[in-house]
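Report on one structure; see the data block that follows.
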Ligand SMILES: [Zn+2]
Ligand SMILES: [Zn+2]
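In my numbering, the protein residues as written are 71 to 505.
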C-alpha cells in the first residue's frame, strides 16, 4: 500500500476511533505530512532553511503535533503562503513568529519562524524532549557554556558542537528522552546504536500465496535491490482463512519455488519460513514434525484477543517454549491509534523470550511498532534477542524497515542483539542450533 492510500484508509477506518482514544497521530502519518509541508516551505523564496523538530524528529511512535522551524527574514510573507496550503483546514492561533494550524486529517502543525542566527538553537531546543533539554541546560549552566556562542554549519553540526563543548559524544534526537542518555554520555557509555545499513535481511514478509500482493520472486528481487543478503518468506498458516493461510501441502509447493529461486541466485538466500498462528488453545497451527523442516518459524497471535491476560500470556509462553519457534511476531497486537495491546503479562513474556533465546520482533510497520522502544530496551537488559521486520505485504513496504530501526535506536538497541543484522552464516548457525 503506498503512503497516500495508507493515510486514506487510516482516515476512513481509524481516525474517528483514533480521535476518541487520543489526539496523537501515528508517526508514519505525521512524517509523510511533515515532509510534504517541509518541501512546500522550501519552495518559498523567503525561506532560508526548514527543519523538523519536536517528537517527530525524535521518531516517537505517536506525535501530538508536527513542529517545523523556519529560518527567514520575512515571516509575514512566509505566513501568508503557509496558511494557504491546501491540506490545512483551519488556523488555530497566529502570532508574528508562530502559527498553529490543523489539517483536514486533524493533525496539528506548529510553525515557528526565526531569523537565521537563531535557527540552529531553536531547532535543537524544540526537538526536545523537554526533559532532555532542561537537563542539558542545567549541565551547560554548571559548565558556564552559552550555546548561543557555539558555531555550526547545520543543525546537526551545531548540536554536535554543543555536546562537544561539554566533552560529550553526540546524542542523536531519538535518544533525547532524559532516560539516562546524558549520564551515559558523561561516562562515555552511550550505546553503539544499530543503523539502517546494518540490516542484512527481512525475516517477515508475505507474498500472494497468502495475503500479500506481490509474488515470491518480486519480494525476493526487491530485497536484493535493497542490498540485503537474505529474506524469509513467511506467509500465513492454514487456520487464518481470511488471509488464505497455507495448508501443509501448499507450504511444500512453495518450498519448490524457493529452492528454484535460490538455485538461480547463488549470491542471495530466500529462507523458507512461515508465520504460524498461535491458536486459541495455545497449540501452533502445524505439528512440530512439520515445523522442524522449515528454515525459520515465526509465531503470532491473530485471533482470540478477547481472552483474559492469563490465557493470552499462556498462549505466547507456550509458543516461546516450543523449540521450533525462532521469532515471536508483533508481540502485543497493538495497532497504533486503532487497537490497544491485548492484555498480556509482557514482563513474563520478555523474561521467557530471553531465557529461551527466542527473538522478539520489532514489527516495523508504522501502524504497529510492536515491540515498542521501552520494552525493546527491557528485553536487551535481560540479554534477549530482537528481529526488526517489516511484515511487508507489498514490496514497497520493505522501506518501513527504517521505522523499526529507529524504534530500536530509541530503545538503545545495538546491532549484536538484532538477528537480522547478522551475516547469513551466523543467522543460519543460530537457526539450526535449535533451543
Ligand atoms: Zn501477523
Ligand atoms: Zn505477517
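Even glycine gets a Cβ: it sits at the ideal position worked out from N, Cα and C.
Asked: Spatial distance of residue 306 from residue 315 (CA atoms); Found: 5 Å
Asked: At least 3 beta-carbon pairs within less than 8 Å: the segment 225-234 vs the segment 262-277; Found: no
Asked: Straight-line gap, residue 204 to residue 210 (C-alpha atoms, nearest Å); Found: 10 Å
Asked: CB contact flag (residue 127, residue 197, <8 Å); Found: yes
Asked: The segment 423-436 in contact with the segment 465-481 per 3-pair CB rule at 8 Å; Found: yes
Asked: Residue 304 - partner residues in DSSP beta bridges; Found: 343
Asked: Check: residue 276 C-beta below 7 Å from any heavy atom of ligand 2; Found: yes
Asked: Proximity to residue 388 [Cα-Cα], best of 167, 418 and 250; Found: 418
Asked: Close Cβ partners of residue 120 (< 8 Å) along its chain, the five nearest in sequence each way excluded; Found: 108, 111, 112, 138, 139, 140 and 141
Asked: Member of 398, 463, 332 and 392 whose CA lies at the smallest distance from the CA of residue 342; Found: 332
Asked: Rounded distance between the beta-carbons of residue 445 and residue 414, thought under 8 Å; Found: Actually they do not touch by this definition, with Cβ atoms about 11 Å apart.
Asked: Coarse secondary structure for residue 428, derived from DSSP in three states; Found: coil
Asked: Contact check, residue 162 vs residue 172, beta carbons under 8 Å; Found: yes
Asked: Neighbourhood of residue 240 by C-beta, 6 Å cutoff - its chain only, sequence neighbours within 5 removed; Found: 230 and 233
Asked: Paired residues, beta bridge with residue 172 - DSSP; Found: 160 and 178
Asked: Cβ neighbours of residue 83 in the same chain (closer than 6 Å, five flanking residues each side left out); Found: Note that residue 83 scores a pLDDT of 41, beneath 50, so its modelled location is shaky; the value from the coordinates is reported in the next line. Taken in chain order, the list of residues that qualify is empty.
Asked: Helix, strand or coil at residue 205 according to DSSP, with G and I counted as helix; Found: helix
Asked: Reduced DSSP category for residue 409 - H, G, I as helix; E, B as strand; rest coil; Found: strand
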